[in-house]
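Student: I have a structure I would like to understand better, so I am pasting it below and will then ask my questions one at a time.
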Amino acid sequence: MITIISSAKSLDFEKEIFIDESTEPVFMNEVRELVDIIKNYNEEEIAKIMKISNKLSKVNYNRFQCFYDQQVNTRQAIFGFSGEVYRAINPFEYDRSNIEFAQKHIRILSGLFGILRPLDNIKEYRLEMATKLRGIPEEDLYKFWTKKITQNIVQDLNLKEDKTILNLASLEYSKSIDKSELGTINVYDVEFKENIEGKYKIIGTYAKRARGLMVTYIVKNNIDNIEDLKNFKEEGYCYNKEISSNPKLVFTREKIL
69 MITIISSAKS LDFEKEIFID ESTEPVFMNE VRELVDIIKN YNEEEIAKIM
119 KISNKLSKVN YNRFQCFYDQ QVNTRQAIFG FSGEVYRAIN PFEYDRSNIE
169 FAQKHIRILS GLFGILRPLD NIKEYRLEMA TKLRGIPEED LYKFWTKKIT
219 QNIVQDLNLK EDKTILNLAS LEYSKSIDKS ELGTINVYDV EFKENIEGKY
269 KIIGTYAKRA RGLMVTYIVK NNIDNIEDLK NFKEEGYCYN KEISSNPKLV
319 FTREKIL
């Protein structure tokens, strides 16, 4: 089983980490192609295509201009991304066996890198998958990445006993996988819902945290199949068989902790 998650806009390259080992992203040629395109954008153009403030566009302009500099810090992806999901994952509390399991079973979808293993080195960047990027076919990162990402996941799963994708990514990123090319591989989506006045509803902030909690539950318990995943009970969530359906797993919580 492979679990997919989204990359994050927030980054943290400062917090001390306990591991030196790193790997190289599999699609570095494609990364360089995208970086070379974005380096031709000025600050105003970056602000427009990324829909960000002038202050943030200056930061990201400089990031891409300096992307190839050897002095620029790198960090393993699982430690470099921040945000609600990654704070809940909290890989800083993993031991080496957890990291080894994550490296084999967790994949991070990225607008710039395509797909990342947890120990793949990244540099600070911002490029969401839905960004329209002049210079690539139809200005569409989905068309740029989908075939490559899908083939990479299929190749990985062909080496595993349980040929399942657990989707903990947002729709923006999970759309980069072409389900029609997966053959016999099963894809399971997950929803986390809160009991709000007797009705189960998805609350975005809580759902993001729950995704991160589930990633760490998978990693720390060596979960490699859907049946074992149903035992997830972190922070009051439980598998709700009554409102789940194949291939959607719904975990509900009666009281927000």
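Be aware that the sequence shown starts at 69, since it is given in our numbering, and climbs by one per residue. From the three backbone atoms N, C-alpha and C, an ideal C-beta is built for every residue, glycine too.
1) Quick check on this structure: which residue in I311, S125, E262 has the alpha carbon closest to the alpha carbon of L325?
2) Is K288 helix, strand or coil when you go by DSSP?
3) So the candidates are D80, V99, G251; which of them puts its Cα closest to the Cα of I183?
4) By the three-class DSSP mapping on this structure, what secondary structure does K123 have?
5) Curious, which full-length beta strand (DSSP E) runs of at least 3 residues does the region 202 to 281 contain?
6) Tell me which residues share the same chain as I190 and place their Cβ nearer than 6 Å to its Cβ, disregarding the 5 neighbours each side in the sequence.
7) Just to confirm before moving on: does the CB-CB distance between A278 and Y305 stay below 8 Å?
8) So, for P55: in the same chain, excluding its five sequence neighbours on each side, which residues have a beta-carbon less than 8 Å away from its beta-carbon?
9) Residue range of the beta strand (DSSP E) that V318 falls in?
10) Run through DSSP, which three-state label would P189 get?
11) Can you name, in chain order, every residue of its own chain whose Cβ lies under 7 Å from the Cβ of L281, other than the five neighbours on each side?
12) I need the straight-line Cα distance from V94 to P186, nearest angstrom please.
13) Taking the beta strand (DSSP E) that R175 belongs to, which residues open and close that run?
14) Short check: CB of L234 to CB of M69, under 8 Å?
15) Assuming L177 contacts I217 under a Cβ cut-off of 8 Å, what Cβ separation, rounded to an integer in Å, is found between them?
16) Could you check if I270 is buried or exposed, using at least 16 other CB atoms within 10 Å of its CB as the buried criterion?
17) Could you have a look at K200 and say whether DSSP puts it in helix, strand or coil?
Tutor: Considering the structure as presented:
1) Position 257 of the sequence shown, counting from 1, holds the residue named residue 325. The option with the nearest alpha carbon to L325 is E262.
2) As a first step, residue 288 must be located in the sequence shown, where it is residue number 220. Reduced to three states, the DSSP call for K288 is helix.
3) Numbered from its first residue, the sequence shown carries residue 183 at position 115. If we check each option's Cα against that of I183, V99 comes out closest.
4) Within the sequence shown, residue 123 is the residue found at index 55, counting from 1. K123 falls in the helix class under three-state DSSP.
5) 232 to 235, 254 to 264, 267 to 269
6) By 1-based counting over the sequence shown, the position of residue 190 is 122. These residues qualify, in order along the chain: A145, G148.
7) Indexing the sequence shown from 1 puts residue 278 at position 210. Indexing the sequence shown from 1 puts residue 305 at position 237. Contact flag set, yes.
8) Residue 55 is absent from the structure shown; the chain starts at 69 and stops at 325.
9) Sequence index remark: in the sequence shown, residue 318 carries index 250 (1-based). Counting along the chain, the beta strand (DSSP E) containing V318 begins and ends at 316 to 321.
10) Numbered from 1 along the sequence shown, position 121 holds the residue referred to as residue 189. Note on identity: in this sequence residue 189 is Asn, with Pro being the wrong assignment. In the structure shown, N189 sits in a strand (DSSP, three-state: E or B).
11) Translated into the one-based positions of the sequence shown, residue 281 becomes position 213. Hits under 7 Å: A156, E302, E303.
12) Within the sequence shown, numbered from 1, the residue matching residue 94 stands at position 26. Within the sequence shown, numbered from 1, the residue matching residue 186 stands at position 118. Spanning the two alpha carbons is a distance of roughly 12 Å.
13) Stepping through the sequence shown from its first residue, residue 175 is reached at position 107. Start and end: 174 to 178.
14) Translated into positions along the sequence shown, residue 234 becomes position 166. Translated into positions along the sequence shown, residue 69 becomes position 1. In contact: L234 and M69 (Cβ atoms closer than 8 Å).
15) Taking the first residue of the sequence shown as 1, we reach residue 177 at position 109. Taking the first residue of the sequence shown as 1, we reach residue 217 at position 149. Rounded, the Cβ-Cβ distance is 7 Å, consistent with contact.
16) The sequence position of residue 270 within the sequence shown is 202, counting from 1. With fewer than 16 other Cβ atoms within 10 Å, it is exposed.
17) Walking along the sequence shown from the start, residue 200 turns up at place 132. Strand at K200.
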